[in-house]
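Going by the numbering used here, the residue at position 280 of the sequence shown is 452; the numbering climbs one at a time, nothing skipped.
From the three backbone atoms N, C-alpha and C, an ideal C-beta is built for every residue, glycine too.
Here the structure is a predicted model, which means the values were calculated and not measured.
Notes to accompany the following structure.
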Amino acid sequence: MFVVAAIMLSSIGLTAAAAAECCDIKCVWEPCGTKVQQGDVDAVYALKPIKAMWAYQDADSDGRFDDNDVLIIDTVIDPVGAWVVEEGDVRLSNYHETPANTKVISTDGDRGKPLKELPGGQMVVGFVDVNNNIPPHYDLGDPLYADTDGSSTVTPNDVRLTERTVNIMTYPAYSRVQSDDWDVGNDLRDPVTYETDITTNSVTLLGYIDSDCNCHWTCPDKLYLQQITGTIADNFSTIGDLRLYIPPEAIADEGWPECGTKVEQCDEDAVYVLAKDEQIRIMFGDVNSNGIYDHGEAIYLDMVDNGDDKVEAGDVRLTWFHDEPPNYKITSLDPDRTDPLEELCGGQEVIGFVDVNSDGVYDKYDPLYIDTDCSSDVTAGDIRLTDREAMGTTYDNWTMVENGDFDQILNEDLRDPVTYGTELETDISFMLGYIDSDCSGDWTCPDKLYLQQIVSVNGDSTADWVVTIGDHRLYIPQEAIDEHCWPECGTKVQQCDVDAVYALTKDDQIRIMYGDVNSNGQYDIGETVYIDMVNNYQDKVEAGDVRLTWYHDMYPPNTKVNSTNLDKNNPLEELCDCQVVVGFVDLNNNEVYNKYDPLYVDTDCNSRVSVGDVRLTKRMASGRTYEPYTVVEAGDYDLIGDKDLRDPVAPYGYGLVTPIWELLGYIDSDCSGDWTCPDKLYLQQITGTIADDVVTIGDLRLYIPPEEIGPVDDDDDDPCVIYDTNGVAGIQLSEAVAAVNDFFDQKINLATAVAVVNCFFG
């Protein structure tokens, strides 16, 4: 027993060591009835603009920023009164012994001291183009400065916002430039225009994660200085954004990266937005110059279109070239560089899928092909972009279909991945996007290329601008696979993958209903409340609907109706003949709906917590705790005190006005375009921004498939307490082994298992 356990504990130790270099992605979901928190597997980090000003506290009143002064981001803008340091402002340089990247609190000595504007006004932030891009460009490696004298040059007393190494000297983030420092005299460029004069209002670069969802800058929030792209990336925390302020407890307790660092791939707060380039083409290497594609000739993505139709460094080889492998980025030394390129006979409309499950749509199970002969069928010479199983035989991705292969014998139709029609008509560039991993604004070495599963035929859905479930990895640098746990080329994005962004599907046909089992036309306490996900206008319970409350003692809340369940076909009725039934209690009286406020289904439509209403979240009242999806009963303590239900969408009025379908969205986990078994349902915290298209902090999980819910990964619980089950204080060997087994069974994540093992070793 001990030997086996030691091997297992050693194994998980090795796994933990490997994970230190990789992305620790939690592959279990939190339970229904919980709201999304920062650090959760499904959290996407949207940024909100902040009302702020750059300023300094002039300690010696000499009218200039010097080494005695404090650089401040004033986050509390008062339209009247003196301009002074206030609680909540962020220091970007030290105040005596108080370090930079601290938030002013009520007892601080600098609170109330006057503020002044820097000479450059709000045009404060500049970068040094350390790699001398031609033309100049702000990228991931470029250091940022606060230009405190308005000179657009690095001068003494400027503040470094990022670490900077010059020659042999490394200067830490938030250090002040001294007169003899190596970076003195460097040009500062504007991070938006890239010009040598800083002209961009630096307030427009700021955005914060609203960690408690209260629509205001508060204690747990995180402040970023963004790399502005002019795309939807500016609404999220993306690669290249600078962390200006991260709460210390988020760094110490939640593993958040430190202030003064830029967001990089694999960071917890990275959201993977895609860059587009309509000049990308798919071509073949016409080595015999006959103008037609011959079987065995290599196929390329022409990423560097200089108009000369030849293979160039930076192009991506999709198939073998003699002994040179596929999924390879061409370098200046490769033998096929400068080979002539030609278009396939189908031009750029050559990507198709086989509808293997005959559901009429392109989903994540459908294999992809390059149609090399314009037949719109799977034929010899076509290229498999994904693994393909046909008649019991599996063919690897990137292989060529040959005569006698089972997918060639089947001669199946190839369908267009956007229109789903049997004629291929979508230009490949419309489906392509890449992660600009170094923020260079161009296709470079570390970037990752995807063939997207397009959601909108116009390509204007948020999901079409981020990496989502079902997107196909066309090219991933090998070092990203080896060092950063990135999945391999030729695979599709799955939930829990490092690059997955959780976009939500909306459906305005979803309704909230109740099972009117006694057919009296009114909701009676004890009748089941449902989310009618399969609205066929028949007003009855159907397979796929979600129960929000118990059905007798048979089926618990947050379960999905299947075809054999006894409540299937029961009649459904609307609550109070309307869909406006979800409200919250403003527990902290801050006039907004935030992640701490409990939600209810107002079953009697009186806009108050009353008997028969359904709690959607856990509620604590007068020392009692009521679980999610329980029904309010006479004598319950949430009937005492503040009982008003407010609308969960701004302006958060006392009368409920928002229909439930405007609050709902689901993760289409199998990319089927419809509500199916693996999908996950959320009741969103609506912001009126692009954040409503993804899962964000504060969204409520209404339905998560039970097999995907982790029993242990609750941030409020101590794993060592949970696994201490044998009555002996402390974690014993058998309990550590149990945690290791749960990890390998994917019931808990690595961090939880390691925590239990560490408790065993003391």
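One or two residues paired with residue i in a DSSP bridge
i: P743; result: K712
i: S318; result: Note that residue 318 is Ala in the sequence shown here, rather than Ser. According to DSSP, A318 bridges with V297, V331.
i: H644; result: L623, K664
i: G837; result: Y854
i: G524; result: Y541
i: K394; result: I381
i: R791; result: Y798
i: F493; result: E496
i: K288; result: Y228
i: T161; result: In the structure as shown, the chain starts at 173 and stops at 934, and residue 161 therefore has no counterpart that could be examined.
i: Y366; result: None; Y366 has no bridge partner.
i: E1003; result: Only positions 173 to 934 of the chain appear in this structure, which leaves residue 1003 out of reach.
i: W637; result: W637 pairs with nothing; no bridge assigned.
Rounded straight-line distance, which links the Cα of residue j to that of residue i
i: D362; j: G322; result: 12 Å
i: A675; j: K536; result: 15 Å
i: G402; j: T797; result: 47 Å
i: K394; j: D477; result: 40 Å
i: V242; j: T365; result: 28 Å
i: T640; j: T802; result: 34 Å
i: K882; j: T663; result: According to the sequence provided, residue 882 is Gly. The question's Lys does not apply to it. If I take the Cα positions, the gap works out to 25 Å.
i: I244; j: D474; result: 48 Å
i: F456; j: D599; result: 16 Å
i: Y768; j: S794; result: 16 Å
i: W722; j: V701; result: 8 Å
i: C661; j: M726; result: 45 Å
i: Y310; j: S374; result: 15 Å
i: D711; j: V533; result: 27 Å
i: D441; j: V435; result: 7 Å
i: F525; j: I542; result: 9 Å
i: E699; j: D632; result: 42 Å
i: V167; j: D246; result: Only positions 173 to 934 of the chain appear in this structure, which leaves residue 167 out of reach.
i: L446; j: G605; result: 5 Å
i: I920; j: Y875; result: 19 Å
i: V248; j: R263; result: 13 Å
i: T924; j: I869; result: 22 Å
i: S850; j: V752; result: Here residue 850 is Pro; the residue named in the question, Ser, does not match the sequence. Roughly 27 Å between the two C-alpha positions.
Element boundaries [alpha helix (DSSP H), containing residue i]
i: V893; result: 891-894
i: D725; result: Counting along the chain, D725 falls outside any alpha helix (DSSP H), and DSSP gives it neither H nor E.
i: I424; result: Note on identity: in this sequence residue 424 is Ala, with Ile being the wrong assignment. It spans 420-426 - the alpha helix (DSSP H) in which A424 sits, taken as one unbroken run.
i: D654; result: 650-655
i: D579; result: 578-582
i: M603; result: 600-603
Proximity test, Cβ basis, 9 Å: residue i and chain D
i: I862; result: This model lacks chain D altogether; it includes just one protein chain.
Check whether residue i and residue j have beta carbons under 9 Å apart
i: V773; j: D785; result: yes
i: P659; j: D643; result: no
i: C431; j: R415; result: yes
i: I862; j: I423; result: no
i: T558; j: P589; result: no
i: D579; j: Y592; result: no
i: E515; j: I454; result: yes
i: G211; j: G427; result: yes
i: R489; j: K501; result: yes
i: E907; j: Y895; result: yes
i: L377; j: L397; result: yes
i: K288; j: Y228; result: yes
Start-to-end residues for the beta strand (DSSP E) that takes in residue i
i: Q229; result: 225-229
i: I244; result: 242-246
i: I277; result: Counting along the chain, I277 falls outside any beta strand (DSSP E), and DSSP gives it neither H nor E.
i: E561; result: 560-562
i: I703; result: 701-704
i: Y935; result: As shown, the chain starts at 173 and ends at 934. That puts residue 935 outside it, with no answer to give.
i: V773; result: 771-773
i: R683; result: 683-687
i: M455; result: 453-457
i: Y465; result: First-last for Y465: undefined, no H or E at that position.
i: Y472; result: 471-474
i: R336; result: 336-338
Quick check: the stretch 210-226 against the stretch 405-419, are there 3 or more CB pairs under 8 Å?
The count of Cβ pairs closer than 8 Å, one atom from the stretch 210-226 and one from the stretch 405-419, reaches three, so the stretches are in contact.
For the structure I just gave you, are there three or more beta carbon pairs, one from the stretch 296-315 and one from the stretch 272-286, closer than 8 Å?
Verdict: no, contact absent.
Counting pairs of beta carbons, one from the stretch 546-555 and one from the stretch 574-583, are three or more of them closer than 8 Å?
The count of Cβ pairs closer than 8 Å, one atom from the stretch 546-555 and one from the stretch 574-583, reaches three, so the stretches are in contact.
Between the stretch 806-819 and the stretch 828-841, are three or more C-beta pairs nearer than 8 Å?
Touching, yes, given that three or more Cβ pairs across the two stretches are closer than 8 Å.
Are three or more beta carbon pairs between the stretch 738-746 and the stretch 680-698 nearer than 8 Å?
Segment contact: the stretch 738-746 against the stretch 680-698, three or more CB-CB distances shorter than 8 Å; contact assigned.
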